[in-house]
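In my numbering, the protein residues as written are 10 to 315.
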């Protein structure tokens, strides 16, 4: 356990990028520890970092390691996380618990946003955000990601909310909290593995520069909170919505039968859908996070030009 609690530590590459005024993109680590099997998790993390660099920004993968909130990880640290067991899945409620007591944990969307904001990083790429779970109107199973989007000034680039969620209720929640939801190049909100969700996009923008301009206008008006940019997966990798829904229904039934609850639900469902899809969902997941990383870097570059 560290004798003193330090807010966060920048990796040498992230520190150098900040000092030089180069654009940065935050990346979460839950996809490494809870989102994919090994070795695909490590390969994906490295591919995503490479996509950010290729688009002109510096990646900052975020995790708590032995009680230190690290903004930017070395490849050796990513490799260790990819094979680690017993890693905490951290959100707003327990991020400080991990730093206080020397624990190791990966960061969800909410925790990554907190760390990114503290480190002065304004753009974050992920696969899909959490939201209101199916049946959430009665169970009140709502991800802390939504509240974080309402309060923390970070642009979150994703493929929409995870398709296992109630996307309609998630949209309603975000609207109530005043979070702008922008579909990139589409009039329909994507649904993670699928290009279509059945829900019209509240807002549409077609260029990274337009998203950067929107964010600058929000800042000029003193509007606090984040922005969700939903980036549809390419048609090449997308899975039809009807196909996905069948797998989700089976996975939900299996989760209920097994008594899976709380933070274990999403990893269980994602893993079960990988099995039911015979790996198609995993391939789509890898493609979408890389595409989101590229777009996030383009937005970060556009913001840096201002």
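A virtual CB, placed ideally from N, CA and C, is assigned to each residue, including glycine.
Drop a sphere of 10 angstroms on the beta-carbon of residue i, count the other beta-carbons inside from all chains shown, and report buried for 16 or more, exposed for fewer.
i	result
residue 43	buried
residue 265	exposed
residue 200	buried
residue 242	buried
residue 258	exposed
residue 64	buried
residue 225	exposed
residue 184	exposed
residue 140	buried
residue 154	buried
residue 90	buried
residue 180	buried
residue 142	buried
residue 37	buried
residue 249	exposed
residue 29	exposed
residue 149	exposed
Tell me, please, which residues DSSP counts as bridged to residue i.
i	result
residue 133	35 and 165
residue 123	Residue 123 pairs with nothing; no bridge assigned.
residue 142	174
residue 68	34
residue 193	214
residue 259	BP columns for residue 259 are empty, so no partner.
residue 200	203
residue 99	116
residue 18	79
If you compare alpha carbons, which of the options is closest to residue i?
i	options	result
residue 59	18, 134, 73 and 211	134
residue 245	118, 300 and 72	300
residue 235	229, 280, 274 and 163	163
residue 24	55, 68, 50 and 115	68
residue 20	102, 55, 254 and 81	81
residue 231	237, 145 and 223	223
residue 147	175, 288, 282 and 109	175
residue 137	39, 113 and 250	39
residue 305	221, 290, 260 and 102	221
residue 88	41, 142, 178 and 202	41
residue 308	262, 229, 193 and 284	193
residue 275	190, 212 and 152	152
residue 295	51, 26, 262 and 237	51
What is the rounded straight-line gap between the Cα of residue i and the Cα of residue j?
i	j	result
residue 107	residue 78	9 Å
residue 207	residue 198	8 Å
residue 278	residue 272	11 Å
residue 167	residue 86	24 Å
residue 32	residue 117	22 Å
residue 270	residue 100	16 Å
residue 255	residue 280	15 Å
residue 253	residue 53	22 Å
residue 227	residue 172	29 Å
residue 92	residue 45	11 Å
residue 76	residue 196	43 Å
residue 314	residue 187	27 Å
residue 215	residue 239	11 Å
residue 251	residue 94	35 Å
residue 287	residue 55	23 Å
residue 125	residue 283	30 Å
residue 110	residue 210	42 Å
Could you tell me how far apart the beta carbons of residue i and residue j are, in whole angstroms, since I believe they sit closer than 8 Å?
i	j	result
residue 35	residue 161	Rounded, the Cβ-Cβ distance is 11 Å, inconsistent with contact.
residue 104	residue 123	6 Å
residue 311	residue 217	5 Å
residue 145	residue 97	Between residue 97 and residue 145 the Cβ distance is about 24 Å, and since that is not below 8 Å, they are no contact.
residue 247	residue 203	6 Å
residue 57	residue 302	5 Å
residue 113	residue 71	At roughly 13 Å, the Cβ-Cβ gap does not stay under 8 Å, so residue 113 and residue 71 are not in contact.
residue 127	residue 17	6 Å
residue 119	residue 157	4 Å
Is any heavy atom in the ligand GTP found nearer than 6 Å to the beta carbon of residue i?
i	result
residue 177	Among the components of this structure there are no ligands whatsoever, and the ligand GTP is therefore not found.
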